[in-house]
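Working notes for the structure below.
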Amino acid sequence: ETGVTQSPTHLIKTRGQQVTLRCSSQSGHNTVSWYQQALGQGPQFIFQYYREEENGRGNFPPRFSGLQFPNYSSELNVNALELDDSALYLCASSTTSGGGNEQFFGPGTRLTVL
Amino acid sequence: KQEVTQIPAALSVPEGENLVLNCSFTDSAIYNLQWFRQDPGKGLTSLLLIQSSQREQTSGRLNASLDKSSGRSTLYIAASQPGDSATYLCAVSDNFNKFYFGSGTKLNVKP
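Just so you know, the sequences run in chain order A and B.
Residue numbers for the first sequence follow our numbering, so the first one is 89 and each next one is one higher.
Residue numbers for the second sequence follow our numbering, so the first one is 113 and each next one is one higher.
In structure tokens form, the structure reads like this:
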């Protein structure tokens with residue numbers, strides 16, 4: 089069974105640029121959630137995708153957007169990058185979108201915005 | 113809005129000690145509570161999942177308890193080892209499986 093994978097591992101961008109991060113969910117999982125973790129903080133929920141539809145969103149501006157594909161992999165897109173977007177971006181997959189399901193996290197993508 | 117607090121923020125203990133990490137949450141309407149381990153610069157490794165109807169879960173030297181009505185959970189680590197050094201995060205989920213995280217407890221186990 090393959091776990092959650094993310095790419096790339098590290099990324100350096102400059103302010104104003106756009107970035108796309110990718111996540112492959114664990115086999116059999118149809119729900120992917122994205123989190124942003126600033127240094128020294130706990131992860132903050134960005135949004136969740138369930139069967140290719142956005143299924144809940146945290147307190148993040150519209151320049152954070154996403155997609156989920158038929159194979160349940162997912163992308164996180166961030167436009168007009170700001171310095172504060174520098175963080176570890178984590179994706180997590182679970183078997184369904186309902187409460188009570190264990191989430192499995194990927195290794196994360198470290199984004200640095202200069 | 114759900115808020116999760118973890119105390120202490122950092123903990124340093126000698127090898128072999130038993131220790132307790134604390135987690136509290138403000139809204140008791142949770143679906144589950146999950147404890148994670150995070151090594152520096154890495155992703156999250158799930159340690160224990162406690163469903164809202166359960167009181168505790170055990171895995172090896174780890175035991176997690178949940179008191180939903182009082183909004184508290186503890187993670188007990190027995191006979192700590194240097195390899196246990198990491199940041200420990202607790203998270204509670206709502207009915208959409210959105211997780212709310214604490215800021216973590218950074219544990220250092222000295223040889």
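C-beta: ideal position from N, C-alpha, C; glycine also.
Closest option to residue 141 of chain B, judged by alpha-carbon separation, among B/210, B/199, B/149, B/152: B/210. Nearest neighbour of residue 201 of chain A by Cα position, chosen from A/92, A/101, A/94, turns out to be A/101.
The C-beta of residue 196 of chain A comes closer than 7 Å to at least one C-beta of chain B. Residue 149 of chain B counts as buried, since at least 16 other C-beta atoms from the protein chains shown sit within 10 angstroms of its C-beta. When DSSP states are grouped into helix, strand and coil, residue 179 of chain B belongs to the strand group.
Judged by beta-carbon spacing, residue 163 of chain B lies within the 7 Å limit of residue 144 of chain B, meaning their Cβ atoms are closer than that value.
If you draw a straight line from the Cα of residue 115 of chain B to the Cα of residue 155 of chain B, it comes to about 22 Å.
Residue 92 of chain A and residue 111 of chain A have their C-alpha atoms spaced approximately 7 Å apart.
Assignment of residue 194 of chain B by DSSP, reduced to helix, strand and coil, places it in the helix class. For residue 214 of chain B, the nearest CB of chain A lies under 7 Å from its own CB, placing it at the interface with that chain. Taking C-beta separations shorter than 8 Å and ignoring five residues to either side along the sequence, the partners of residue 99 of chain A in its chain run 107, 109, 197, 198, 199, 200, following chain order.
Taking C-alpha positions only, residue 118 of chain A is separated from residue 223 of chain B by approximately 43 Å.
Residue 174 of chain A is outside the set of residues whose beta carbon lies under 7 Å from a beta carbon in chain B. DSSP places residue 220 of chain B in the uninterrupted beta strand (DSSP E) bounded by 217-222.
With its beta carbon less than 7 Å from one in chain A, residue 155 of chain B belongs to the interface. Under the Cβ criterion of 7 Å, residue 189 of chain A is counted among the residues facing chain B.
By the rule that beta-carbons nearer than 7 Å mark a contact, residue 96 of chain A does not touch chain B. Contacts between residue 153 of chain A and chain B, judged by CB atoms closer than 9 Å, are missing: the closest CB pair is about 18 Å apart. Around the CB of residue 203 of chain B, 16 or more other CB atoms lie within 10 Å, so the residue is classed as buried. Cβ contact annotation for residue 131 of chain A (same chain, cutoff 6 Å, sequence separation greater than five): 123, 125, 178, in chain order.
Around the CB of residue 166 of chain A, 16 or more other CB atoms lie within 10 Å, so the residue is classed as buried.
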